[in-house]
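Following my numbering from start to finish, the sequence shown increments by one per residue and tops out at 367.
C-beta atoms are modelled at their ideal positions from N, C-alpha and C, and glycine is treated no differently.
It should be emphasised that the depicted structure is a prediction, and the values quoted were computed from it without experimental measurement.
The next block holds one structure in the form of structure tokens; read it before the comments.
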Amino acid sequence: ARSAWLRHSVRLSLSLAVGFAVMQATADPHGYWILLTIVFVSQPQYAATQTRLLQRAKGTAMGLALGWAAIQLFPGALVQAALLVFAGAVFFGARHTRYTLATAAVTMLLLLSFQQMGTSQGVIAARLLDTAVGCLIAAAASWLVWPHWQSRQWPQLAAQVLQTQALYLRAILAQYHSGKCDHLEYRLARRNAHNADAALSNSYSAMLKEPLRVRGNAAVMASFLCLSHTQLNYLSALGAQRGAQGTQPVDDATQALARTLLVSLQQLSQELERAQQQSGVRRRHAVAAPAVEQVLREFGTPPQAAMPQPPASAHSLMAAQLLLVGKVFPQLQAHARQLVEPDAGAAGRA
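Shown next, in the form of structure tokens:
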């Protein structure tokens, strides 16, 4: 019931039902344009729907203006037929990359086609009105009918970021013991960590386009995003410093810091998942979670005290990078808890 695609299907079905009712009530001969507009502009996310809606409206207006100008400037049927073919080619070339241009091209093609058949009278006004009605119905549905607000998905996305970073750290540490090797498991761990970070960033960008009342604590989310990105950069630097030949010695303090970071990332991820579950959102388990537990068994039981600091004599690059991650994590943890416990964050600032 919490699936974004299920929500989208319900919104789209209701929108089409309303559009069909409007078409029947007005007896509009071109009322199917209302339904087409609803289908093309409705998206799973509110922000994506608003973006597509504006693109559709702009493209329709541009296409009608260009089509009207072409009819007035080139009254010959052959020239109009050539322009019609050109508009069709532009539409097929731009429909997947430039939606506004594609909409303008297909609208121009439509107007020229009606002109070729001698039935263009009133088409411009009908196209504008039907597009406007379809856009209004889609916009209202994205706002009122089971909306999929991004702020409510953040604990889950943040948990996925922490989970994938823990698995990425696991893959890096394994290669400090076995030697550098860009095998499939390592590349997948690295890619999943970066993909999760990108998904969190995209969700934040979409959230900024949503109504203010549903954005939640945007400042905390922005700080969490910045810190998680910084932590991922430190992990990437740690991965880049893997030795190319053989194993690299790791002292006890560095191992203690590494396993503490691993278990801390895992525990914070589970904490966010529990908070998401308690808020009524279906929990999604990370498929690779057992890999973290395996590494914890290999390294031993993590200490329960505060995060250890490597001694001054441990100047290895690995220890330095892990220490940087260790400095970022407490801030990340504080912001993560503010995402699910806003009152705790306010109390901490008081």
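- Sorted by chain position, which residues of the same chain lie with C-beta nearer than 8 angstroms to L33's C-beta, five sequence neighbours on each side aside? Excluding sequence neighbours, L33 sits near L52, I55 and V56.
- Task: Reducing DSSP to helix, strand and coil, say where D231 ends up.
- Result: The sequence given here has Val at residue 231, not Asp. Three-state DSSP puts V231 in a helix.
- Message: Quick check on the DSSP output: the alpha helix (DSSP H) that includes E358 runs from which residue to which?
- Response: E358 -> no alpha helix (DSSP H), and no H or E assigned at all.
- Would you mind stating whether Q62 and A223 have Cβ atoms separated by less than 8 angstroms? Taking 8 angstroms as the Cβ cut-off, Q62 and A223 qualify as a contacting pair.
- Item | Local conformation of S137 per DSSP, three classes | In the three-state reduction of the DSSP assignment, S137 falls in the coil class, being assigned neither a helical nor a strand state.
- Proximity of L174 and A216 at Cβ, strictly below 8 angstroms: Result yes, Cβ atoms of L174 and A216 sit closer than 8 angstroms.
- Query: What are the start and end residues of the alpha helix (DSSP H) that includes A37?
  - Reply: Here residue 37 turns out to be Phe, not Ala, going by the sequence shown. Counting along the chain, the alpha helix (DSSP H) containing F37 begins and ends at A21 to T43.
- Task: Report yes or no: is there a C-beta of chain D within less than 8 angstroms of the C-beta of F91?
- Result: Here there is only one protein chain, and chain D is not present.
- Task: Could you please give the first and the last residue of the uninterrupted alpha helix (DSSP H) stretch that includes W171?
- Result: Looking at the DSSP string, the run of the alpha helix (DSSP H) that includes W171 is W171 to S195.
- Message: Suppose contacts are defined by Cβ-Cβ distances below 8 angstroms. Is R354 in contact with H165 by that definition?
- Response: Against a cut-off of 8 angstroms, the Cβ pair of H165 and R354 comes out as no contact.
- Give the DSSP-derived three-state secondary structure of Q258 in the structure shown. Assignment of Q258 by DSSP, reduced to helix, strand and coil, places it in the coil class.
- Near W50, which residues of its chain fall below 8 angstroms by C-beta distance, leaving aside the five closest residues on each side in sequence? The residues are A143, R144, D147, T148 and G151.
- Query: Got a sec, what are the start and stop residues for the alpha helix (DSSP H) G105 sits in?
  - Reply: From DSSP, the alpha helix (DSSP H) with G105 extends over A94 to A111.
- Query: Relative to the C-alpha of Q369, which residue among A336, Q182, N219 and R208 is closest?
  - Reply: This structure cannot speak to residue 369, because the chain is shown only from 18 to 367.
- Query: V357 and A292: beta carbons closer than 8 angstroms?
  - Reply: Yes. Within cutoff.
- Task: For V102, count neighbouring C-beta atoms within 10 Å of its own C-beta (all shown protein chains included) and say buried if the count is 16 or more, exposed if not.
- Result: Around the C-beta of V102, fewer than 16 other C-beta atoms lie within 10 Å, and the residue is accordingly described as exposed.
- Message: Taking 6 angstroms as the limit between beta carbons, can you name the residues of its chain near A176, skipping five residues before and five after?
- Response: Contacts found: S286, L289 and E290.
- Task: Taking D269 as part of the alpha helix (DSSP H), name the residues at either end of that continuous run.
- Result: D269 -> alpha helix (DSSP H) spans D269 to Q295.
- Query: Looking only at its own chain, which residues have a Cβ that is under 6 angstroms from the Cβ of F108, when we skip the five neighbours before and after it?
  - Reply: For F108, where only same-chain residues beyond five positions count, the Cβ hits under 6 angstroms are A119, A122 and V123.
- Message: Please report the straight-line C-alpha distance between A273 and P347, rounded to a whole angstrom.
- Response: A273 and P347 have their C-alpha atoms some 17 angstroms from each other.
- Item | H200 classed as buried or exposed, judged by whether at least 16 other C-beta atoms fall within 10 angstroms | Answer is exposed; the Cβ neighbour count stays below 16.
- Query: Between the beta-carbon of V178 and the beta-carbon of S281, is there less than 8 angstroms?
  - Reply: No, the Cβ-Cβ distance between V178 and S281 is not below 8 angstroms.
- For E202, collect the residues of the same chain with a Cβ closer than 7 angstroms to its Cβ; drop the 5 residues on either side in sequence, then sort them by chain order. Residues A188 of the same chain have their beta carbon placed closer than 7 angstroms to that of E202, with the five preceding and five following residues left out of the count.
- Task: Determine the direct distance from the alpha carbon of T136 to that of S26, and round the result to whole angstroms.
- Result: Rounded to the nearest angstrom, the two C-alpha atoms are 36 angstroms apart.
- Item | Residue span of the alpha helix (DSSP H) that contains K226, given as start and end | Neither: K226 is in no alpha helix (DSSP H) and is coded neither H nor E.
- Taking the CB atoms as reference points, tell me whether Y185 and A210 lie closer together than 8 angstroms. Cβ distance < 8 angstroms, so Y185 and A210 count as in contact.
- Task: Use the C-beta contact count for L349: other C-beta atoms within 10 angstroms, 16 or more gives buried, fewer gives exposed.
- Result: Residue burial is scored here from C-beta neighbours: L349 has at least 16 other C-beta atoms within 10 angstroms and is therefore classed as buried.
- Task: Report back the beta-carbon spacing between Q97 and Q72 to the nearest angstrom; my notes put them in contact at under 8 angstroms.
- Result: A Cβ-Cβ distance of about 26 angstroms is found for the pair Q97 and Q72, leaving them out of contact under the 8 angstroms criterion.
- Item | Assigned exposure category for P228 - 16 Cβ within 10 Å defines buried | Exposed, by the Cβ-count rule.
- Start and end of the alpha helix (DSSP H) containing G80? Per DSSP, G80 belongs to the alpha helix (DSSP H) from Y63 to L90.
- Message: Whole angstroms are fine: how far does the CA of S218 sit from the CA of A99?
- Response: About 45 angstroms.
- Item | L339 beta carbon less than 8 angstroms from that of T271 | For the 8 angstroms CB-CB criterion, T271 and L339 form a contact.
- Item | Coil, strand or helix - C152 by DSSP | DSSP places C152 in helix when its eight states are reduced to three.
- Along the alpha helix (DSSP H) that carries V58, what are the first and last residues, could you check? It spans Y49 to V58 - the alpha helix (DSSP H) in which V58 sits, taken as one unbroken run.
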